[in-house]
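Data first, discussion second: the structure below is written as structure tokens.
2 protein chains.
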Amino acid sequence: MNPETLFWIVPLASIIALAFAAVFFFNMKKADEGTDRMKEIAGYVREGAMAYLKQQYKVVALVFVIIAIIFCVMAVFDMQNHIVPVAFLTGGFFSGLAGFIGMKTATYASGRVAQACRDEQDGLNKGLKLAFRSGAVLGLTVVGFGLLDISGWYLILDNTGLIEAEGISKLVEITTIMLTFGMGASLQALFARVGGGIYTKAADVGADLVGKTEYHFNEDDPRNPATIADNVGDNVGDVAGMGADLYESYAGSILASAALGAAAVAGANGTYDEGLKMVMAPMVIGAVGAILSVLGIFIVRTKQGATQSQLMAALNRGINFSGVLIAVAAAAVLYLLGIENWLGLWGSIVIGLVVGILIGKVTEYYTSFEYKPVKFIAENATTGPATVIISGIGVGMISTCWPVIFIVLGTIGAYLCAAGEFMFTGENMSMGLYGIGIAAVGMLSTLGLTLATDAYGPISDNAGGNAEMSELGESVRSRTDALDALGNTTAATGKGFAIGSAALTALALLASYIEEIKIAALRFGETFSPSFFSSDVINSAELAKMNIAQFMAKFDVTLMNPKVLLGIFVGAMLSFLFCGLTMNAVGRAAKSMVEEVRRQLSDKDVFEGRKKADYARCVGISTQGAQREMIVPSMIAVIVPIATGLLLGVPGVFGLLAGGLAGGFVLAVFMANSGGAWDNAKKFIETGDASFCGKHTPVHDASVVGDTVGDPFKDTSGPSLNILIKLMSMVSIVTAGLNVAFSLL
Amino acid sequence: MNPETLFWIVPLASIIALAFAAVFFFNMKKADEGTDRMKEIAGYVREGAMAYLKQQYKVVALVFVIIAIIFCVMAVFDMQNHIVPVAFLTGGFFSGLAGFIGMKTATYASGRVAQACRDEQDGLNKGLKLAFRSGAVLGLTVVGFGLLDISGWYLILDNTGLIEAEGISKLVEITTIMLTFGMGASLQALFARVGGGIYTKAADVGADLVGKTEYHFNEDDPRNPATIADNVGDNVGDVAGMGADLYESYAGSILASAALGAAAVAGANGTYDEGLKMVMAPMVIGAVGAILSVLGIFIVRTKQGATQSQLMAALNRGINFSGVLIAVAAAAVLYLLGIENWLGLWGSIVIGLVVGILIGKVTEYYTSFEYKPVKFIAENATTGPATVIISGIGVGMISTCWPVIFIVLGTIGAYLCAAGEFMFTGENMSMGLYGIGIAAVGMLSTLGLTLATDAYGPISDNAGGNAEMSELGESVRSRTDALDALGNTTAATGKGFAIGSAALTALALLASYIEEIKIAALRFGETFSPSFFSSDVINSAELAKMNIAQFMAKFDVTLMNPKVLLGIFVGAMLSFLFCGLTMNAVGRAAKSMVEEVRRQLSDKDVFEGRKKADYARCVGISTQGAQREMIVPSMIAVIVPIATGLLLGVPGVFGLLAGGLAGGFVLAVFMANSGGAWDNAKKFIETGDASFCGKHTPVHDASVVGDTVGDPFKDTSGPSLNILIKLMSMVSIVTAGLNVAFSLL
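Here the protein sequences line up with chains U and D, keeping their order. Residues in the first sequence are numbered consecutively from 250, following the numbering used here. Residues in the second sequence are numbered consecutively from 250, following the numbering used here.
Encoded structure:
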């Protein structure tokens, strides 16, 4: 079939996804809001969330404007394409808008989910459906905007006179420019993740440390002044943050694959038509995935009194159903596009899907209390908080082993399938890397659905909070708790997808950096010197014709080049520095929160519930803390790649990206899994299933310490690393012109 | 001067160092042992230590025999030089022997140091001198055996008919074979570090958790059944473990530099004489450093009632004095050898010395309670153990920034100085890498002295333990405490040297791997295929003539080769896996210890001091725990590089080593500094200097949790990573023949 015809599925899927998002949103809005007290509570959370977003977008807008101006200056000096500043801004805009809509939905939905759970007949099913479809608003908005941004830019660049090149070169240039809107999305995502992560954990840690540990309040006790901030935080971190993160991965994987496909065909002296097939494949597969995700959403339902595993099965049914359909549809798309090695590429896609699922399974094994690792941590609570921490860190570190092995095997598999031969050579490298990129597309093809299960988590959590604060009684709370517990497991799996896709996307982006350097060189002039202190001169036109292996040899990006090795060191260190800064940020913000909560609760009237706690003040502390603390780590992610490029040139940037990718991936898995394991070790002790269990015992107190430490691990530092990895690549790609223009050593 | 004449300084220095070690040992033995109770306590510690070593060496010997047999088989199939199995065993033997002597000395010395501190007139000075000179026995033994092993093998290989090659090729072959005895030293060191680290922390955590936290005993209370095991542990970990570790770094840096020097000259078609100068330079500088370290030892003394900073000044005077002398002497050696670029190489050496000192300073800043980071952690203790942990992890992660920057700048500087021009090119790479190696030699040239300050720590610690258990009174204990506190700071600095030199040595070893592949290829046959599935054929003779850049291009070891990238992933993951396994090992062993201590103290007679605690049982638990748990992590370090070589070939091995090096370095710095900072945050709270301070308060209890978590961080997992990094390189080098013979992809 003509690729240009198939392309129209992309804007169509975008419209379908956005339309269903709108339908789900307005259906949710029609649901009953419950009692006045429930409305009041939901109102507080909504106000807090919007106040935060307003503040956040103000700061982010300022940063975006500054960077866009810098890009304009670079464009004037021919170090960058003139469209980049605009593309950068649209990426950031859609990413932020998706987060905003998701959060708006979540804060409207949670009170209504609590109300749905009050139905004694069908409350659990109603609650699940409402929470899940509200979560789906985020999933479909992200997917819809992603496809809209991609297809819109493609149409503009393809049909206006903005690109002068012709034939296959035009495709290469279009896809490489489109890639740069990923930087806007990345940067927006980093702010959302870091700011949101600091916000949510400052509130959570503050609420727990004083409320739970010192005063033995229950979760969400309305007397706890930080409880509204805690509920706001769930939305800020897990809805807006996660949405922006995955928007970026989703768009990034499609764009990187498209760029790699065009480059691979151009490198093999292929035609425009051959290139177009490669460019269309990831876009169309993404689009088909979006449509099938909508189908999957309708399958998720359960019956009253369902057990945890039945609830899980209900969600899994939807995911598995769409997953299988997408696998089948992907084969059809590749075949219809008339790609010669369609079977191989299909193999790469299926590998991506499978690796995503496997990483999710490993995450579940290491973080669910059904299995040995979490039970081991729980047992270690009998000897106090220190052994809880030691064992949790031990388990988290060990848990990095399988995800790395899966990524390694998956990458090898995706490469070889796409290359169509059982060996790695310099010649098949472009196609192999295209396979890695398209594996990421496969992994994220069910995103509309998996993101729905993610956003579902904080909605159920908030529903529980609303039920508690509105004193709706035990039976309602037990239903929201069941929904919430499920949300914790799906959140863990969702994190597996987020980090797995980040790794594959970043691998693919490495190759895009090469293309960007080539294009920048052509734009810069006929020749350039790779270094100030070198008599070596590189011919831009010759460079443009080199394949990846030749390019790497020309710039000497080998592992014995000290600049490469030093870049790897800096990259690995940066992940740690970044985590350290965000951990301490949470620590500082949490400390202010603890002091405020202690101050308020020292008033006996507040403690005994006669006087209303000042929720707004705690919301303000979290908001300010997050805004103040998010700037430095985020700016590091932007400045270091640029500085490395200027000081160590192309080899240094490659080292930085590879070191950051490997180090960041492992660190992210460690932090996410340690945090998740601590959380569930505490929950296991609360179940009372083992002899040493029980609430408000010293053993339980020890496990609460683990849970509190795990909060910034799993919800601030760990997930922010996904974006750090990708943002550093994106920044390098967008500022490649600087590398060409300057190079110190 | 004739290099062959200068060579004789090496065996001479070895004899001088060993002679002074003997003198210090026998002088120490002559000192007064104190009261019967003191002798009894010292006897328990000595017995426990020797029982452990006996068990340890039994296990290690078994592993060594198995590996030696495998090497013999490989040698029979021409995959390895026939001398390797023997060299492997001598490296392991001397490394173990140095640890044994150091530990023997330490366990004899500590009681005597306690006795020396009883002198009311001059006790502090006497104690310092005795403890320090006993520590110097380890320092000088390590240096002496290192130089003995190096000079002995050189004489044998140079003067017997074992090497058939002639001229510069002979030098290349000699130095590359000698390098392989480093693997024996590495493996011995890893067992010592891991086993010792598990032993010491199981005992320490067990003793603290029950004794200090549950029963509010003081440190080293004789009623605590784990207290002897705790004292034994200090020796096992910080004397035997640290000694074996640095033996390996010391020998490794000299051997790697020598091998690089020979290869650099051979690559530039230089003569045998030119090569000999390069080979001799690191050996002779090491030897001169050993002699000057002896001088430095005599300078360390102090007066009664000296403050902490005066004590520190006394140690620093010795180190600075030798450091300056060595810097001067190194210039003389390089000039006398007649090396053309002697000034440049001297620059590399000085850079190494300075980087070592700077990393030590950073370590001090982040781990001493004189500065902000530790005070920040201490403040966080006011909000409970969770915030102590969060802030400690945050501080540790941030602390990785400067050491990486120093290593990066130092590496660049050492490379450019040695290369003699201000740029990185393919041509000057061999000389540049030689500069990096010789910078490591410079960093370690004061090892005789710095290791003395390291071993001094556990001796003083044990002296304090002896004083407490023998009830010698407050004034004696305060003097041993002053010595001990000093030991904690010097231990932190020593760890900076250990990790810094490991990084530089490992960088240099990367280059040696290339030489080993070349030699293995020549031994293997005229041609070989770099992969099973490749029609490409490599000519061994041509390969041997390639420079580093050409070699890397031939094997396509670039950062876009998926095998390289995957190797980096696995390398980074391995550091985490290794740490996770050792953390959990400590957790498990500590748990058995806690249960045993609780059991014994539940007997009222033991608790009230009427019945003697069963120390031997706790010693046994630690010993067994350490032996059982050290096997798996150690074997991973051996098996993974071999498996990677077989599966991913030369590019995969390079990726593995680079990823392991960068990831391991950063992780090691993080863990060591977090652990040190928690330790001193607790000590800061004990000083009572801030409003929130004081012993046995909730704030103090929170800080004890941090300290306990920090124990395996700083004394088990963190320092073991140094050796992991080097051992993986060594294993790859020694099994390079396998890579040539097999290659899967």
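Using N, Cα and C, we set each Cβ at its ideal position, and we do this for glycine too. Keep in mind that this is a model prediction, so the values were computed, not measured.
C-beta contact flag for residue i and residue j at 8 Å
i          : j         : result
Asn788(U)  : Gly516(U) : no
Met680(U)  : Leu753(U) : no
Tyr448(U)  : Ala875(U) : yes
Pro961(D)  : Ile647(U) : no
Cys828(U)  : Met979(U) : no
Gly345(D)  : Tyr301(D) : no
Gly1006(D) : Thr739(D) : What the structure shows of chain D is the stretch from 250 to 994, and residue 1006(D) is not part of that stretch, so it cannot be assessed.
Phe818(U)  : Val989(U) : no
Val330(D)  : Ile426(D) : First, the amino acid is wrong: residue 330(D) is Asn here, not Val. Their beta carbons are under 8 Å apart, which means Asn330(D) touches Ile426(D) by this criterion.
Leu696(U)  : Val391(U) : yes
Lys526(U)  : Pro252(U) : yes
Ala747(U)  : Asn971(U) : yes
Coil, strand or helix - residue i by DSSP
i         : result
Ile588(U) : coil
Thr776(D) : strand
Thr984(U) : coil
Ile787(U) : strand
Thr695(U) : coil
Val549(U) : coil
Ser719(D) : coil
Cys321(D) : helix
Gly510(U) : helix
Phe466(U) : coil
Lys860(U) : coil
Asn415(U) : Correcting the residue type first, residue 415(U) is Glu in the shown sequence and not Asn. Coil, per DSSP.
Asn711(D) : helix
Glu369(D) : coil
Phe827(D) : helix
Gln799(D) : helix
Met328(D) : coil
Residue i: first and last residue of the uninterrupted alpha helix (DSSP H) it sits in
i         : result
Trp651(D) : Cys650 to Ala668
Pro471(U) : Taken as a continuous stretch (DSSP letters only), Pro471(U) belongs to no alpha helix (DSSP H), as it is neither H nor E.
Gly959(D) : Pro947 to Pro961
Asn922(D) : Tyr864 to Thr936
Asp854(U) : Lys853 to Phe856
Leu458(D) : Element bounds for Leu458(D): n/a, residue is neither H nor E.
Lys944(D) : Note, Lys944(D): premise wrong, no alpha helix (DSSP H); not H, not E.
Glu619(D) : No alpha helix (DSSP H) holds Glu619(D); DSSP gives it neither H nor E.
Asp407(U) : Gly372 to Asn408
Glu253(U) : Pro252 to Leu255
Thr636(U) : Pro634 to Ile647
Arg361(D) : Val333 to Ala365
Ala268(D) : Ile258 to Lys279
Asn480(D) : Thr476 to Asp483
Identity of the residues DSSP links to residue i by a beta bridge
i         : result
Thr807(D) : Thr807(U)
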